Amino acid sequence: MKCNKIFRLSSLRTSIHLDGCNVTHYQELHKFSSEAEAEAFFNQSIQELLTHGWYDIESVTVDENNKDLTPDELYGMFLELKNQVDEFANAIIKPYIEITPSSTTETTLWQSKFGGLPYLPKNTTYPEAPDGTPLHLLAQINFAETPKLEDLPEKGILQFYIEAGGETAYGIEEYPQLKQTTFRVIYFPEPDLNIDNLLDNFDFLPPGIGLPLLDCLGLNFAIKSTPMSASDYRFRNLVKSHFPIFQQDNLTKAMENSLEELVDDFLNEYEEKYEESLGGHCLGGYPAFVQNDDRADLQEEEGYDFLLLQMNSDDEHSIMWGDEGVGNFYIQPSALKRLDFSQILYTYNCC
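If you count by my numbering, then the sequence shown holds residues 1 to 351, one letter each, in order.
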């Protein structure tokens, strides 16, 4: 026996699916030794929902203009989408440069690193906060040491500084943080590796008590690939543009709402399969999120859609952004093509 039911309570929705000896309820599969046991559990679950005020959508009479998709239609669509989770993930997969930190006793001034002392020519003004407090180096990437990744520079040194005196949350004083006041991103396209021309006395730096890391770490790099996080602000639209199910014409408002809920169901299946594998220190690729994607609230003509740097919390290397958080730096793709790092979105969030 097969039967599909959908129930609503205000704006909430749940579904129950009976298929032989199996019942799926709240996206949890229950297996029974006989169809009779499965059917009894199915009916009991329905009664519990009705007792708590849920109603069967098929029991409500609606006019033709507000006709909804049937439970059987929606469940069939869900199964079709569920079987294509891997195909969708592979369709949107993206290469990135994985960063692996390593403990080190010494780094050169121009070497790639997390923390430590920066490469800085003597004729360059050291980056400061508006009150004159020197910022601290968070990360330095020497592209001569990284594998090539499309859109990233093939040479030069890119630096990320943040306010680390404890006056801000890792250099973020407002959301979204677009003004490079308490953080700074600096690019040197043609590094001068003559040590005599570089600043080598940093005694003026105050203690970096607000840094998310304790020690200077050397960096190793490798090309990897990653799917997108379901928390990415672009994810829902990508799902709807990828599957013909969501591109039907002449839909009623009720049908549109049901299809939006179907996106939620697909998102949950996707998250269950892929979300644990996302994250890590990287250049490029897709960001990982502890909470929501802060970019969703930006009113920009062009999105900050290129992930310039992601630094995760990392117990092994004593990196901690608040409570197991993550710091991300984004740039608009057109600005990256011009090697213009004056407009950067910097975000940090934690559990």
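Backbone N, C-alpha and C define an ideal beta-carbon position, used for all residues, glycine too.
Since this is a predicted model, take the numbers as computed values, not measurements.
Between the stretch 145 to 160 and the stretch 334 to 348, the count of C-beta pairs closer than 8 Å reaches three or more; the two stretches touch. Note on geometry: alpha-carbon atoms of Val290 and Pro206 lie some 30 Å from one another. DSSP places Ile331 inside the beta strand (DSSP E), whose first and last residues are 326 to 331. For Val23 and His30, the gap between their C-alpha atoms comes out near 5 Å. Counting the other CB atoms within 10 Å of its CB gives Met1 a total below 16, which places it among the exposed residues. For Gln140, the uninterrupted beta strand (DSSP E) run begins and ends at 136 to 142, by DSSP. Counting the other Cβ atoms within 10 Å of the Cβ of Glu190 gives fewer than 16, which makes it exposed.
Here the C-alpha atom of Glu128 lies approximately 58 Å from the C-alpha atom of Tyr75. For Gln44, DSSP records no beta bridge to any residue. The stretch 100 to 117 makes contact with the stretch 125 to 142; the number of CB pairs closer than 8 Å reaches 3 or more.
The DSSP-derived three-state label of Tyr270 is helix. Here DSSP, grouped into helix, strand and coil, assigns Met311 to strand. In this structure, DSSP gives Leu198 an extended state, which the three-state scheme calls strand. Straight through space, the alpha carbons of Leu219 and Ser102 are spaced by roughly 6 Å.
Runs of the alpha helix (DSSP H) spanning 4 or more residues and lying entirely within the stretch 139 to 193 do not occur at all. The way I'd put it, the stretch 113 to 124 doesn't touch the stretch 286 to 305; fewer than three beta-carbon pairs between them come closer than 8 Å. Counting C-beta atoms within 10 angstroms of its own C-beta, Asn312 has 16 or more neighbours from the protein chains shown and is therefore classed as buried.
Taking the Cα positions, Ile6 is about 6 Å away from Thr14. Of all C-beta pairs linking the stretch 155 to 173 to the stretch 192 to 200, fewer than three are shorter than 8 Å, placing the two stretches out of contact.
The straight-line gap separating the alpha-carbon atoms of Val239 and Thr105 is approximately 47 Å. Ranked by Cα distance from Asp72, the first of Gln248, Ile16, Tyr170 is Ile16. In this structure the stretch 225 to 243 touches the stretch 256 to 272; the number of beta carbon pairs closer than 8 Å is three or more. Judged by beta-carbon spacing, Leu178 lies beyond the 8 Å limit of Leu69, meaning their Cβ atoms are not closer than that value.
The three-state secondary structure of Phe221, taken from DSSP, is strand.
Comparing C-alpha distances from Ala89 to each of Gln332, Asn4, Leu298, Phe235 shows the shortest one belongs to Phe235.
DSSP places Ile245 within a helical segment (H, G or I) once states are collapsed to three. In the three-state reduction of the DSSP assignment, Gly285 falls in the coil class, being assigned neither a helical nor a strand state. If you draw a straight line from the Cα of Met255 to the Cα of Tyr274, it is about 28 Å long. Residue state for Tyr119 is assigned as coil, using DSSP reduced to three classes.
Pairing Tyr286 with Trp321 gives a Cβ-Cβ distance that is not under 8 Å. Shown here, Val239 sits in a helix according to DSSP, grouped into three states. A Cβ-Cβ separation of about 40 Å leaves Leu81 out of contact with Phe341 under the 8 Å criterion. About 36 Å separates the Cβ atoms of Lys94 and Thr252, ruling out a contact at the 8 Å cut-off. When DSSP states are grouped into helix, strand and coil, His17 belongs to the strand group. Contact check for Leu211 against Ala288 fails: the beta carbons are separated by 8 Å or more.
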